[in-house]
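Asker:
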Amino acid sequence: MGQSCSSPTTPYSRPYYVYCSFPLTRMILRNVRSFKPVSAISLREAVSVFLSEGKMDDLVLLLRLGAEVNGRLAVSAEERDPEEWAGMPGWWALSASASGHGSGPHRHYREAALHLAAKRGGARAVERLIACGAYTEVKTPNGRTPLMLASARGSIEAVLSLLKGAAVVNSTGKFGETALLAASRGGYTGTVRVLLKWEAEVDAAGYRGMTPLLCASQNGHAETVHVLLAADADVDARSASQTALMLASSAGHVGVVKILLKWTEEDGKEGEGWWTREPMKSCLLSCVGVPTVFRRVSEPHIDVNATNESGETALHLAASAEVVRLLVAKGASLAATCNRGRTALFSASCRGNPEVVRALVAEGMDVNGRLNRGFSALMFASEYGKDDVVETLVDIGADVDARDTMGRTACIWAAERGNCTTVRTLAARGADVNAADRTGKTALIWACRAPWGPVATMRTVMALVEAGGEVNVCDSYGKTVLMCAAEREEAGESLLPIIEFLLERGAGVNDRDIDKKTALIRAVESGRRERVAVVKALLKAGADVHAADRWGNTAVGCAVAKGHTDTVRVIRQKIGWTFPPWLTVCVATRPAE
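The opening position of the sequence shown corresponds to residue 1 in the UniProt record's numbering, with each subsequent residue numbered one higher.
(1) Which of the three DSSP states, helix, strand or coil, is assigned to residue 484?
(2) To the nearest angstrom, report how far apart residue 322 and residue 538 are at their CA atoms.
(3) Inspect the CB distances between the region 482-493 and the region 522-535 and report whether three or more fall short of 8 Å.
(4) Taking the straight line between their C-alpha atoms, what separation do you get for residue 422 and residue 123?
(5) The beta strand (DSSP E) spanning residue 112 covers which residue range?
(6) Based on the DSSP output, what are the partners of residue 548 in its beta bridges?
(7) From what residue to what residue does the alpha helix (DSSP H) around residue 525 run?
(8) Run the proximity test for residue 419: is its beta-carbon closer than 7 Å to any non-hydrogen atom belonging to the ligand ATP?
(9) From what residue to what residue does the alpha helix (DSSP H) around residue 380 run?
(10) By DSSP, does residue 438 sit in helix, in strand, or in coil?
(11) Write down every uninterrupted run of the alpha helix (DSSP H) in the region 323-366 whose length is 4 residues or greater and which is fully enclosed by it, in chain order.
(12) Could you name the residues that DSSP lists as bridge partners for residue 474?
(13) Would you check if the distance between the CB atom of residue 469 and the CB atom of residue 433 is smaller than 8 Å?
(14) Residues in its own chain within less than 6 Å of residue 330 by CB, not counting five upstream and five downstream?
(15) Pick helix, strand or coil for residue 249, following the three-state DSSP scheme.
(16) Which whole-angstrom value describes the C-beta separation of residue 216 and residue 224, a residue pair presumed to lie in contact below a C-beta threshold of 8 Å?
(17) Considering Cα atoms alone, identify which of 170, 312, 118, 354 is closest to residue 340.
(18) Short of 6 Å in beta carbon distance, which residues of its chain neighbour residue 212, apart from the five on each side in sequence? Order them along the chain.
(19) Please say whether residue 401 and residue 375 have beta carbons closer to each other than 8 Å?
(20) In whole angstroms, what separates the C-alpha of residue 191 from that of residue 247?
(21) Between residue 259 and residue 490, what straight-line distance do the alpha-carbon atoms span, to the nearest angstrom?
(22) Look at the alpha carbon of residue 480 and the alpha carbon of residue 325, and state the distance between them as a whole number of angstroms.
(23) Which residue wins for smallest C-alpha separation from residue 165, given the options 529, 512, 131, 561?
(24) Could you tell me the distance, in whole angstroms, from the CA atom of residue 584 to the CA atom of residue 547?
(25) Which one of 380, 150, 502, 418 has the shortest CA to CA distance from residue 121?
(26) Does DSSP put residue 239 in a helix, a strand or coil?
(27) For the putative contact between residue 332 and residue 315, defined by C-beta atoms under 8 Å, what is the C-beta separation to the nearest angstrom?
(28) Less than 8 Å between the C-beta atoms of residue 199 and residue 168, yes or no?
(29) Could you tell me the alpha carbon to alpha carbon distance between residue 218 and residue 115, rounded to whole angstroms?
(30) Taking the runs of the beta strand (DSSP E) that are 3 residues or longer, which of them lie wholly in the region 378-423?
(31) List the residues that DSSP assigns as beta-bridge partners of residue 370.
(32) Start and end of the alpha helix (DSSP H) containing residue 198?
(33) Taking DSSP as the reference, what is the three-state secondary structure of residue 72?
(34) Put residue 144 into one of helix, strand or coil per three-state DSSP.
(35) Judging by CA-CA distance, which residue of 535, 310, 148, 351 is the nearest neighbour of residue 195?
(36) Could you tell me whether the region 340-356 touches the region 378-394, where touching means 3 or more Cβ pairs closer than 8 Å?
Rendered as structure tokens:
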């Protein structure tokens, strides 16, 4: 090739190869040398067949033909394993879920054949691929190696094959993920032991400082926690200010909590405790005839009163009664408060855990203890609508009519939040539904003032009235329950059931507040929207259309000022007289605000 022809110069008399000759450039040579007769697609299919059916003939043939063992192929969303995104940030995992639709940073997700063999536990396939030149450190888009994928599924055989094939045991992914971290998250104790034997870094931290011990504690893998502690894992390591004890307590993993607390008491027994990993010391012991048994070299210490960034201790986060008893027995402070000034009893009441509440009170916490503003645990539980906790607190001695610094009771807090079931629970336990705060507002008034929508308000009002709530009570400003309901911001049609219910129960339609305003005036002047349905209901109940407030404003005057033409027409039809021409023009032409 590349030689000129000495035969006749006519084009048809020249040899064929002369017309096909071309220079061998560097690019051509590079492409020829990198050419693989077997594509990565065919190799992946052969690996999949071997893993599912156990037939290795096709795989061996393709490898001998020179398959592209390190080629990475795009993998569809259906073929990916959800475990691939474990330990990743939330925004990264969310974008991964959308990658199948061509968006997000994972739309070009690719895997090599070794990834497939590793995550499906095919040790023989792993060994064969490595022997044919597969790169053990090939990574997925999020930085995971085949060793991490095999460790995340607890495949000890595949892990050993990869380690023997020169896989880096402490290789990290995009967010600090390691093989030991992946195995600890899944609780694969055997895999953890293998990785530790190959000198995996026991305290290597992943995303947000999550170490293998923290992962195992959070997921409740007690045996894995024991192995990691024995390998000298840092028991005081933190992830987002949370220790292993906090994570285990918040998840209610009693077994893990027992191991973490018991570890401080064990003496240096053979094969247990905090081990020394000094090779020189082990060598010297062997020379003098002493068995090289790892022994504890320092006494570990777990601070049961350690706090996170919110000031909460493990006792604040405890999710079960057994965890509470274990922590208190080890010296957890019952008086410890978080940054908001809440004790463990208040935290448990907010979360709605009656079992923990009962255990804390049994351990000596004051069920009627108060915060700075006089809040009690019962008020917190009532405000958040935790009916089970409310019943538990009342059963163990909580004062159902206790007041905070503003004079509000638990029933008032429940009504203000629109928790009708909590109101019924408190009323059934003897709560005074007519108790008023320092401004004279009762639970019924607070229920009508609450901005939780007409449906929740209606249910709460009905619960209070059925429990004996007084509908004609007024606050220190003279506002009645009917006035508070009439001046709500909702449309008139949605308020109509509340108004009609209060009127049926005897609410005074012409009662006045300190400004001499009636419910009709309040309904007309409040808000931007007309409340024609409410006005009609009040007029039907006998509302005085001529009543004026202390400034001389009547309901019709307020309607004209607001530009509510429909309201003006309703009032005109009620009283049966016509307006002067100038007022008619004003009403007809004034735009609504």
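Don't be surprised by glycine CBs; every beta carbon is placed ideally from N, CA and C.
Answerer: A quick look at the data gives this:
(1) The answer is helix: DSSP assigns residue 484 an H, G or I state.
(2) Near 58 Å, if we compare the C-alpha coordinates of residue 538 and residue 322.
(3) Short answer: they touch.
(4) Computed Cα separation, rounded: 59 Å.
(5) Residues 110-112.
(6) Residue 548 is bridged by DSSP to 554.
(7) Note, residue 525: alpha helix (DSSP H), 519-525.
(8) This structure lacks the ligand ATP; in fact it carries no ligand of any kind.
(9) Note, residue 380: alpha helix (DSSP H), 377-383.
(10) In the three-state DSSP reduction, residue 438 falls in the coil class, being neither helix nor strand.
(11) Correct list: 344-351, 354-362.
(12) Under the DSSP definition of a beta bridge, residue 474 partners with 480.
(13) In contact: residue 469 and residue 433 (Cβ atoms closer than 8 Å).
(14) For residue 330, where only same-chain residues beyond five positions count, the Cβ hits under 6 Å are 261, 304.
(15) Collapsing the DSSP output to three states places residue 249 in a helix.
(16) Going by Cβ atoms, the distance from residue 216 to residue 224 rounds to 4 Å, so yes, they are a contact pair.
(17) When the alpha-carbon of residue 340 is set against those of 170, 312, 118, 354, the nearest one is in 312.
(18) Cβ within range, chain order: 180, 181, 184, 228.
(19) No Cβ-Cβ contact shorter than 8 Å links residue 375 with residue 401.
(20) For residue 191 and residue 247, the gap between their C-alpha atoms comes out near 23 Å.
(21) A straight line joining the alpha-carbon of residue 259 with that of residue 490 spans about 57 Å.
(22) If I take the Cα positions, the gap works out to 49 Å.
(23) Nearest C-alpha to residue 165: 131.
(24) Unreliable placement is indicated for residue 584, whose pLDDT of 47 sits below 50; no coordinate value is reported for it.
(25) Cα-wise, what sits closest to residue 121 is 150.
(26) In this structure, residue 239 counts as strand in the three-state DSSP scheme.
(27) That belief holds up - the Cβ atoms of residue 332 and residue 315 are roughly 4 Å apart, short of 8 Å.
(28) Inclusion of residue 199 and residue 168 in the CB contact set at 8 Å is not warranted, their separation being larger than that value.
(29) Rounded to the nearest angstrom, the two C-alpha atoms are 27 Å apart.
(30) Within the region 378-423, no run of beta strand (DSSP E) at least 3 residues long lies entirely inside it.
(31) In the DSSP output, where bridge partners are listed per residue, residue 370 has 376.
(32) Unbroken run through residue 198: none, as it is neither H nor E.
(33) Residue state for residue 72 is assigned as strand, using DSSP reduced to three classes.
(34) When DSSP states are grouped into helix, strand and coil, residue 144 belongs to the coil group.
(35) When each option's Cα is compared against that of residue 195, the closest is 148.
(36) Enough Cβ pairs lie closer than 8 Å, so yes.
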